[in-house]
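Chains as they are written, first to last, in this note's numbering: chain S, 1 to 433; chain D, 1 to 433; chain F, 1 to 433.
We put the beta carbon where it would ideally sit given N, CA and C, even for glycine.
Quick caveat: nothing in here was measured; it's all calculated off a predicted structure.
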Amino acid sequence: MNMALVRKLLRELKKMPIIDPHTHVRAQQPVALHLGELLGYHYYTELSNSSRGRPVPLPHDLDERIEYVWPHLPDLRGTVQLDWMMGISEAFFGIPRKDWFAKPKQDVIRRAKKAIQSKSYEQDVWERSKIKYVVMTNQFDEDLSGLKDKRLVPGLRTDDLAFNADTAKSIARLDKAFHVKSGESLAAWRGAVAQVFDNFRRWSMAYAAIGLPPSFNAIEVAEATAAALLKRIANGETLDAEARLTWAAFALEELARQCRRVNTPYCLMMGADRGVYEHGVPAGQDQFRCDAHLRGYDRLFNAFPDVRFPVLVLSDTAGLELAAAGWIRHNVYPMSHWWYSNNPVDIRRELRRRLDVLPRTKFIGFHSDGYSLEFTLPKFNTYRLQLAIILAERIEEGKAGGADTIEPLDVNGALELAERILVRNCGEILGCK
Amino acid sequence: MNMALVRKLLRELKKMPIIDPHTHVRAQQPVALHLGELLGYHYYTELSNSSRGRPVPLPHDLDERIEYVWPHLPDLRGTVQLDWMMGISEAFFGIPRKDWFAKPKQDVIRRAKKAIQSKSYEQDVWERSKIKYVVMTNQFDEDLSGLKDKRLVPGLRTDDLAFNADTAKSIARLDKAFHVKSGESLAAWRGAVAQVFDNFRRWSMAYAAIGLPPSFNAIEVAEATAAALLKRIANGETLDAEARLTWAAFALEELARQCRRVNTPYCLMMGADRGVYEHGVPAGQDQFRCDAHLRGYDRLFNAFPDVRFPVLVLSDTAGLELAAAGWIRHNVYPMSHWWYSNNPVDIRRELRRRLDVLPRTKFIGFHSDGYSLEFTLPKFNTYRLQLAIILAERIEEGKAGGADTIEPLDVNGALELAERILVRNCGEILGCK
Amino acid sequence: MNMALVRKLLRELKKMPIIDPHTHVRAQQPVALHLGELLGYHYYTELSNSSRGRPVPLPHDLDERIEYVWPHLPDLRGTVQLDWMMGISEAFFGIPRKDWFAKPKQDVIRRAKKAIQSKSYEQDVWERSKIKYVVMTNQFDEDLSGLKDKRLVPGLRTDDLAFNADTAKSIARLDKAFHVKSGESLAAWRGAVAQVFDNFRRWSMAYAAIGLPPSFNAIEVAEATAAALLKRIANGETLDAEARLTWAAFALEELARQCRRVNTPYCLMMGADRGVYEHGVPAGQDQFRCDAHLRGYDRLFNAFPDVRFPVLVLSDTAGLELAAAGWIRHNVYPMSHWWYSNNPVDIRRELRRRLDVLPRTKFIGFHSDGYSLEFTLPKFNTYRLQLAIILAERIEEGKAGGADTIEPLDVNGALELAERILVRNCGEILGCK
């Protein structure tokens, strides 16, 4: 590692503005109100539950959540997950990382809480993070008409219209939101869904998004089959596994059609198996499968040549398969490093692959997935360090190889490339400008 | 990265002769006649189609192909695919890489065309590349009896006798080439196929080769089943998917039998799914699956202990599985880094793995897969840079570890190893001497 | 690579004591009696068989085994497998690595044999290796009551009670060992198995262990189904593939129940397909599948929240899936780097991943899997070198990133972390203290 070069690149990367193209930041309260919200982020509660050797239910009270997590923090030193909390502490609380392990617990908690309660806290987080925009995760029946802050960009999450249509009571919710009877017929349902997209278009959505299970097969579903399923869902039935997948395949295609109609990308988040660890804390029960492949989407990608599909994969194993899809397909855009794959080893491998084989316009660098705005900066910093390492390596490789062998890259060129994948591509692919 | 060491190794690697053990170079015209052939290589047309955001059909005219690709070249800067074209430009056109982006388009095109039309162009490409041999990809009904240049070694591609037997009209082509009626019986078909192998043996073939879909299962097929399928193929039927796989499994084993008879290796190229991207340019429509495994070949490898099987895998995920097969099986030889896996990340991982766990006699370093001779040198150079990096890393690791921990390696030893996998193993495994 | 830092770390790592948490060391004869046992380790016989290009049966005579392997050693230079033998030679024979290739064969063999026959040989191996404990692999019907050496810790291998229940004649062996009729009923079988666990508990076992095929599905099996299968096994039937898997699923759960009862971990070794290469030497016939996933164990992990499951995977592809399971599940402990995955590339990737995302208490560093005690030290040294490289990289990354981005790590902290995963976690997770 050329330390001087990595440091130089990282310093410059840290000066760049951030567009965070996928978060769970709340429209009404972008930052935390309590330290227990931050330490209650599922990355900390699940690691605490895992560290303990026996499952303990997560308390509701925010102060108790701090107690739930606190004893396990020393065992998390050196992990990227802890780095995010420590980054928050350093950047927004003014508490040096080392104080967490050297000072009395109550002292740290008191100082953190004081920072959060400061009047300028939210503004400080925006400014110190240099965030231009964050894309939120919004439910189809949310009313965002009052949203004033242009830096909070709606992202329409469509899972509840497809995979969770039955359990999430989506028909009743559509009916309530739009004063319709969406369960009466596919035409009625389509009309209600079109209203959803019209609203989100009006609210300048970045994209629609959906989470998909491993190796999902986006088959074609006959109208009659879908109509019969709609009736069952409208009747309040909980579908069996196969029926759920059939409805989801139908809905996925309908939602892609809406994306085409309103000219918005459809962001596919592939690979999570929900709820497999029954003793887990909330949001800490999901796994992936290393044999999950992407070939079930061939038909969808072919059928919607005029829809842009940013794609995230949860598994490391699908990385090159996704790169190959982004390489030849005009409408597939590999996006970021997600969840279990958001760690230095897997970031580096995929980042370098994408830099080596994809047009620089074809992929999006990073997203935080944070539940409050504070996580954007430290998560981007974890990524930026890996990006700096890969760019430094690539600069040196260029020098070692010579112009007959490899494209030379200098610091300016590397930073231009970084800005391209982190900022400009969010604009060009997602429309966040 | 020890830059001085990488540079030193690379400099020496670039002095070595090249044996290119798998190409699509044309026997009658090994080099390009027109710049549009080089820029029309599918790596450039597919990336252009992908960059554009909407599919555009590829023009036939070679000048129009240049126009098709040209606007997208800036977005490909930094990719290995562009490095290959730039390497051609530097080595054979005398046009520095930077001129492509700094000089007027027509100026670059004019200079490139002029170089290609120079009288000594083909000879220059051979000599500057230091190519000793290239193995071609020849169809079973090609007549290579007039082939004079010993540096062009036949490679018998057998896909059309197996997977594409129906659509490629292989029965009619066998009958035409050998004045037989190969569709009359399995005996007749076998006789015709034996003539194919006899011819290629006379022409000093390097090996027979075949492309295979992901997770192909080389099952045993009964004579009667195969005989019935042969009739259908001979009748001009297009087989359904299952019947095609059954015939292919039968043919694969018959072809392995021929390899055994004439003592030639059978090169298996595993993992491509053809034609999945329907808006793609020619040769830019194929993908792989990350769940593709190699276990369907167990029976074949066991049944032909006296046939050498060089194996290429398209997916990154099968890399260690292939290394493990090369490790214990006496007749499996991991070969090169293919297509989507031919990028620095995946080269490095597999190369280091093979160096660490395989006898040095058990694997083949690299092949270009080029469609004309110009691509051999720059593609080998991309590989040589990664090889230099891995060898330098290994030399340093040897020094750091000490002789009680790891085999010491010096520059001479590293170059001997490189020569072994790149040159000598082509001779010993494939017979290209 | 920061050579000075790697060297410094490695030097310190080599001073640490070793706990080897999984071996096949023999209770009665922990070290080799003959050089042919060491060169007859399957890693050398299988690579010799593979190098030769045609299969040759392995001789029984130990001197002939040396001859079987000897001619192929030069082609193995640079591999990690050879490093282990060379490490033995350097550490215990006093023969420098280079002598193997520079001195007459008979001279090297004579010196090696002399060292092995020295009176203090076993004691020297223990002491120079700084081994505190090794866990053995013991059959359920072994009598370890006479075991005097506390450094040899029993490990109960349960494969023969589950997957090989029929072919390994486990019912007859249970009956003989415990003077019972274990085939008469599930109650009788359970009683006999309970005696096995009681014995091993008395002998201070480290854990029970089992080898499992790729993508095994730990389904629930009805009592009546299991009872019927027990009768067939007791009758000496060889079960068909499906029946074997059904019995194995039943037995796996019963064995987990015993682990819970006697409070011992259940170590799952996932992914080997046995006997696929029919021309292979003994223990050199097994492969894995790159599509093997871990999701078939969800039910088992959920059903036994009070059993600790150390998990080893044979495939590289399941690495992140295992890390993710160790990350959220309180009872899954990723363990070591096994067999085909025990090579520098795959060690580095998994090690760095685990350091980055797992609580430091949740994984076990390394095991040798050696068949005699001599292999522990050199195999740990191969791992230690990779560990030193990864720790050095991590120390530098910490310096480059800054405390707002990444946890700083110094040499002391790195060594503390190493001691934690190599020594202390064996104590806390397995109970080897």
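Q) Listed in chain order, which residues of the segment 203-230 of chain S have Cβ atoms closer than 9 angstroms to some Cβ of chain D? A) S215
Q) Name the chain F residues whose beta carbon is nearer than 9 angstroms to that of T79(S)? A) On the first sequence, residue 79(S) is found 79 positions in, with the first residue counted as 1. Within chain F, the C-beta atoms nearer than 9 angstroms to that of T79(S) come from L355, D356, V357, L358, P359, R360 and E407, in chain order.
Q: Could you tell me the boundaries of the beta strand (DSSP E) in which K362(D) lies?
A: For the purposes of this step, residue 362(D) is taken as the residue at position 362 of the second sequence. Unbroken run through K362(D): none, as it is neither H nor E.
Q.
Could you give the first and the last residue of the continuous alpha helix (DSSP H) run that contains P17(S)?
A. Working through the first sequence from its first residue, we reach residue 17(S) at position 17. Segment: none, P17(S) is in no alpha helix (DSSP H) and carries neither H nor E.
Q | Unbroken stretches of the beta strand (DSSP E), 3 residues or longer, contained in the segment 103-178 of chain D | A | 131-135 and 155-157
Q: Taking only beta-carbon positions, decide if M3(D) is within less than 8 angstroms of chain S.
A: Taking the first residue of the second sequence as position 1, residue 3(D) is located at position 3. True, the Cβ-Cβ gap to chain S drops below 8 angstroms.
Q: If I'm right that V80(F) touches D356(D) with Cβ under 8 angstroms, what's the distance once you round it to whole angstroms?
A: Against the third sequence, residue 80(F) aligns to sequence position 80. Against the second sequence, residue 356(D) aligns to sequence position 356. Right, their Cβ atoms sit about 5 angstroms apart.
Q) Tell me the DSSP bridge mates of M1(D)? A) If you number the second sequence from 1, residue 1(D) lands on position 1. BP columns for M1(D) are empty, so no partner.
Q. In the segment 84-110 of chain F, which residues sit with their C-beta less than 8 angstroms from some C-beta in chain D, listed in chain order?
A. M86, G87, E90, A91, P96, R97 and K98
Q. Cα separation between L161(S) and V196(S)?
A. Indexing the first sequence from 1 puts residue 161(S) at position 161. Indexing the first sequence from 1 puts residue 196(S) at position 196. Near 11 angstroms, if we compare the C-alpha coordinates of V196(S) and L161(S).
Q) What whole-angstrom Cβ distance do G211(F) and D159(F) have, given they're in contact under 8 angstroms? A) As a working mapping, residue 211(F) is identified with position 211 in the third sequence. As a working mapping, residue 159(F) is identified with position 159 in the third sequence. A Cβ-Cβ distance of about 5 angstroms is found for the pair G211(F) and D159(F), placing them in contact under the 8 angstroms criterion.
Q. Beta-carbon of K399(F) versus every beta-carbon of chain S: anything under 8 angstroms?
A. Translated into positions along the third sequence, residue 399(F) becomes position 399. By this cut-off, K399(F) is an interface position.
Q: Compare the C-alpha of A208(F) against each of G40(F), R257(F) and D175(F) and name the closest.
A: In the third sequence, residue 208(F) corresponds to position 208, counting from 1. Selected option, being the one with the closest Cα: R257(F).
Q) How would you list, in chain order, the residues of chain D whose beta-carbon sits under 9 angstroms from the beta-carbon of R289(F)? A) To locate residue 289(F), count along the third sequence from 1; it is residue 289. H293, L294, R295 and E321, listed in chain order.
Q: Just grab the DSSP bridge partners of Q436(S) for me.
A: Within the shown structure, residues of chain S are numbered from 1 to 433, placing residue 436(S) beyond reach of any answer.
Q.
Which residues of the segment 324-347 of chain S have a Cβ closer than 7 angstroms to any Cβ of chain D? Give them in chain order.
A. Hits within the stretch, in order: A324, A325, W327, I328, R329 and H330.
Q. Which of the three DSSP states, helix, strand or coil, is assigned to P378(D)?
A. Along the second sequence, read from residue 1 onward, the residue named residue 378(D) stands at position 378. In this structure, P378(D) counts as helix in the three-state DSSP scheme.
Q. Does the beta-carbon distance from F301(F) to R260(F) come in below 8 angstroms?
A. Here residue 301(F) refers to the residue found at position 301 when the third sequence is read from its first residue. Here residue 260(F) refers to the residue found at position 260 when the third sequence is read from its first residue. It is not a contact, given that the beta carbons lie outside the stated cut-off.
Q) Of the residues L430(D), L415(D), A403(D) and R420(D), which one's Cα is nearest the Cα of R7(F)? A) Locating residue 7(F) in the third sequence gives position 7, counting from the first residue. Of the candidates L430(D), L415(D), A403(D) and R420(D), the one whose C-alpha sits nearest the C-alpha of R7(F) is A403(D).
Q: Report the neighbours of E12(D) on chain F: residues whose CB is nearer than 7 angstroms to its CB, in chain order.
A: Locating residue 12(D) in the second sequence gives position 12, where the first residue counts as 1. Chain F residues near E12(D): none, gap ~18 angstroms exceeds 7 angstroms.
Q) In angstroms, rounded to a whole number, what distance separates the CA positions of A112(S) and A303(F)? A) Residue 112(S) sits at position 112 when you count from the first residue of the first sequence. Residue 303(F) sits at position 303 when you count from the first residue of the third sequence. The C-alpha of A112(S) lies about 40 angstroms from the C-alpha of A303(F).
Q) What are the boundary residues of the alpha helix (DSSP H) that includes I210(D)? A) As a first step, residue 210(D) is located in the second sequence; it is residue number 210 there, counting from the start. No alpha helix (DSSP H) contains I210(D), which is instead part of the beta strand (DSSP E) from Y207 to L212.
Q.
Taking the alpha-carbon of M3(S) as reference, which of K399(F), L430(F) and A414(F) has the nearest alpha-carbon?
A. Indexing the first sequence from 1 puts residue 3(S) at position 3. Among K399(F), L430(F) and A414(F), the Cα nearest to that of M3(S) belongs to K399(F).
Q) Between T246(S) and the rest of its own chain, which residues show a CB-CB distance below 7 angstroms, the 5 nearest in sequence each way excluded? A) One-based indexing of the first sequence puts residue 246(S) at position 246. Excluding positions up to five away in sequence, the list reads V221, T225 and L229.
Q: Identify whether C290(D) lies in helix, strand or coil by the three-state DSSP scheme.
A: As a working mapping, residue 290(D) is identified with position 290 in the second sequence. Here C290(D) sits in coil by DSSP.
Q) What residues in its chain sit with their C-beta under 8 angstroms from that of L35(S), if we drop five residues either side in the sequence? A) Sequence index remark: in the first sequence, residue 35(S) carries index 35 (1-based). Around L35(S): L62, I66, I109, A112, K113 and I116.
Q | Check: L47(S) C-beta below 7 angstroms from any heavy atom of the ligand GDP | A | For the ligand GDP, the structure offers nothing, since it holds no ligand at all.
Q) Alpha carbon to alpha carbon, how far is V134(D) from M16(D)? A) Working through the second sequence from its first residue, we reach residue 134(D) at position 134. Working through the second sequence from its first residue, we reach residue 16(D) at position 16. If you take the alpha carbons of V134(D) and M16(D), they lie about 15 angstroms apart.
Q: Output, in sequence order along the chain, the residues in the segment 52-68 of chain D whose CB is closer than 8 angstroms to any CB in chain S.
A: R52, G53, R54 and P55
**Q.** Residues in the segment 257-270 of chain F having any Cβ partner in chain S nearer than 8 angstroms
**A.** none
(Q) Quick check: the Cα distance between L417(S) and R360(S), rounded to an integer number of angstroms? (A) Along the first sequence, one-based indexing puts residue 417(S) at 417. Along the first sequence, one-based indexing puts residue 360(S) at 360. Straight-line Cα distance between these residues: approximately 7 angstroms.
(Q) Tell me the rounded alpha-carbon separation between N235(F) and T45(F). (A) What you label residue 235(F) is simply residue 235 of the third sequence in a count that begins at 1. What you label residue 45(F) is simply residue 45 of the third sequence in a count that begins at 1. Rounded to the nearest whole angstrom, the C-alpha separation of N235(F) and T45(F) is 37 angstroms.
Q: Report the three-state DSSP secondary structure of F304(D) (helix, strand or coil).
A: As a first step, residue 304(D) is located in the second sequence; it is residue number 304 there, counting from the start. DSSP places F304(D) in coil when its eight states are reduced to three.
Q | Cut-off 7 angstroms between Cβ atoms - residues of its own chain near L385(D), not counting five sequence neighbours on either side | A | As a first step, residue 385(D) is located in the second sequence; it is residue number 385 there, counting from the start. The residues are L10.
Q.
Run through chain D and tell me which residues come within less than 9 angstroms of R424(S), C-beta to C-beta.
A. Taking the first sequence and counting its residues from 1, the one referred to as residue 424(S) is at position 424. Per Cβ cutoff of 9 angstroms: no residues; R424(S) is ~12 angstroms from chain D at best.
Q.
Taking a contact to mean a Cβ-Cβ separation below 8 angstroms, would you say F140(F) touches A248(F) in this structure?
A. Counted from its first residue, the third sequence places residue 140(F) at position 140. Counted from its first residue, the third sequence places residue 248(F) at position 248. At the C-beta level, F140(F) and A248(F) stay beyond 8 angstroms of one another.
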